[in-house]
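Novice: Counting in my numbering, the sequence shown runs from 96 upward without gaps. Here it is, the structure, as structure tokens.
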Amino acid sequence: MEQDNKQNKKKPTLSQLASQYASAKLIAHAYHHQTKGEPFFADHAFFGELYEAYDTAFDNLVERVIGLGEANSSASIIAKACEDFQTCVDDGYFEGNLFACILDIEMAFQHTISDLNPDATLGTQNLLAQLADDSETRCYKLSQRVAWE
């Protein structure tokens with residue numbers, strides 16, 4: 096039964112990963128503007144670094160998606176990201192621990208990347224490996240910040 100569930104599970108696509116990064120960029124940018132208090136300067140700068148990193152990852156993924164013929168443009172990917180962002184707003188993502196929420200997002204990146212990697216072209220595997228490496232580094236920093244709260 097468990098084997099059947101694994102076989103029936105739909106594999107993620109590069110477009111879906113790109114959409115995750117675009118949504119994360121919007122979340123990190125909102126958090127960037129939401130920081131306050133004593134750690135403001137460090138947190139504000141950190142969230143700025145995050146949304147820039149997510150934007151770069153999004154751009155690299157969309158160019159790959161278009162280049163490999165998975166999509167013709169980024170419009171539907173961006174629309175999905177906006178939909179996901181609205182869900183985060185509706186679900187109260189901006190009322191809890193901002194760092195824990197971003198850490199959850201990073202973990203979702205890693206799961207999607209690992210599900211994509213075995214079927215990817217060699218060049219795409221290289222891109223995914225770099226995204227995973229960058230994500231693991233951010234997870235360390237986020238974990239340290241979450242533990243401080």
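Ideal Cβ positions, reconstructed from N, Cα and C, are used throughout, including at glycine. Note that the structure is a prediction, hence the values are computed from the model and not measured.
With respect to the alpha helix (DSSP H) encompassing ALA140, which residues constitute its N-terminal and C-terminal limits?
Specialist: As a working mapping, residue 140 is identified with position 45 in the sequence shown. Counting along the chain, the alpha helix (DSSP H) containing ALA140 begins and ends at 135-162.
Novice: Could you give the distance in angstroms between the alpha-carbon of SER238 and the alpha-carbon of CYS196?
Specialist: What you label residue 238 is simply residue 143 of the sequence shown in a count that begins at 1. What you label residue 196 is simply residue 101 of the sequence shown in a count that begins at 1. For SER238 and CYS196, the distance between alpha carbons rounds to 11 Å.
Novice: GLY208 to HIS127, Cα distance in whole Å?
Specialist: On the sequence shown, residue 208 is found 113 positions in, with the first residue counted as 1. On the sequence shown, residue 127 is found 32 positions in, with the first residue counted as 1. Note on residue identity: the sequence assigns Ile, not Gly, to residue 208. One C-alpha to the other measures close to 25 Å.
Novice: Can we say the segment 225-244 touches the segment 196-205, given the rule of at least three CB pairs closer than 8 Å?
Specialist: With a cut-off of 8 Å, the segment 196-205 and the segment 225-244 count as touching, because enough Cβ pairs lie within range.
Novice: Between which two residues does the alpha helix (DSSP H) harbouring TYR116 extend?
Specialist: Along the sequence shown, one-based indexing puts residue 116 at 21. Note, TYR116: alpha helix (DSSP H), 109-129.
Novice: Can you give the Cα-Cα distance for LYS106 and PHE142, rounded to whole angstroms?
Specialist: Here the question's residue 106 lines up with position 11 in the sequence shown. Here the question's residue 142 lines up with position 47 in the sequence shown. Cα-Cα distance, rounded: 30 Å.
Novice: Compute the Euclidean distance between the alpha carbons of LEU211 and GLU133, then round it to the nearest angstrom.
Specialist: Counting from 1 along the sequence shown, the entry for residue 211 is found at position 116. Counting from 1 along the sequence shown, the entry for residue 133 is found at position 38. Straight-line Cα distance between these residues: approximately 40 Å.
Novice: Which whole runs of the alpha helix (DSSP H) in the segment 158-218 are 4 residues long or more, in chain order?
Specialist: 170-185 and 193-211
Novice: Express the C-alpha separation of LEU222 and GLU190 in angstroms, rounding to a whole number.
Specialist: As a position in the sequence shown, residue 190 is number 95, starting the count at 1. As a position in the sequence shown, residue 222 is number 127, starting the count at 1. Distance between GLU190 and LEU222, taken at the CA atoms: about 33 Å.
Novice: Could you check whether ALA176 and LEU145 sit closer than 9 Å to each other, using their CB atoms as the reference points?
Specialist: For this step, residue 145 is matched to residue 50 along the sequence shown. For this step, residue 176 is matched to residue 81 along the sequence shown. No. Outside cutoff.
Novice: Grouping DSSP H, G and I as helix and E and B as strand, with all else coil, what is LYS236?
Specialist: Reading the sequence shown from its first residue, position 141 is the one you call residue 236. Three-state result, LYS236: helix.
Novice: Only counting the same chain, and skipping five residues up and downstream in sequence, which positions put a Cβ closer than 7 Å to that of ALA117?
Specialist: In the sequence shown, the residue the question calls residue 117 occupies position 22. Same-chain partners within the cutoff: PHE153, ILE172, ILE173 and ALA176.
Novice: Is it right to say VAL160 is buried, meaning 16 or more other beta carbons lie within 10 angstroms of its own, or is it exposed?
Specialist: As a first step, residue 160 is located in the sequence shown; it is residue number 65 there, counting from the start. With 16 or more other Cβ atoms within 10 Å, it is buried.
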